[in-house]
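In our numbering, the protein residues as written are 755 to 868.
Glycine included, C-beta positions come from ideal geometry on N, C-alpha and C.
All values derive from a computational prediction rather than experimental measurement.
What follows is a single structure, written as structure tokens, with notes after it.
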Amino acid sequence: MHKKRLVVIGGGAAGFFCAVNAARLHPTLDIIILEKTGKLLSKVKVSGGGRCNVTHACYSIAEMVKKYPRGGSFLKKAFHHFFTNDTIAWFEERGVRLVAEDDGRIFPVTNNSQ
């Protein structure tokens, strides 16, 4: 029997998120991440000045969608499946404690993207 394989195109935050969740849901799956630049998670490493700004403390889907004038309807649908509280829970379930700053940006308490 052949082992099932998932190929994730893109080694950024979304690609890694996909791969991690696929591995959790299907532990026997062989997962490969392809990144054309060869620099995995490069934008994540510099987000928030190297502190890894993971989300924003906005808990209203309607308010969040206003921040994205293009693609708002798509994002609204996506946000109903996975939003701010889900993001926070996802990180904390993996042992990454988060903290919100006064301006609403949410970072790991370590203030380090590494």
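- DSSP lists Asp784 as the beta-bridge partner residues of arginine 759.
- It is roughly 19 Å from the alpha-carbon of serine 867 to the alpha-carbon of glycine 764.
- For arginine 778, the three-state secondary structure derived from DSSP is helix.
- Around the beta carbon of phenylalanine 836, a 10 Å sphere encloses fewer than 16 other beta carbons of the protein chains shown; the residue is thus reported as exposed.
- For alanine 811, no beta strand (DSSP E) encloses it, and the DSSP letter there is neither H nor E.
- A direct Cα-Cα distance of roughly 10 Å separates alanine 773 from aspartate 784.
- In the structure shown, the three-state DSSP call for valine 863 is coil.
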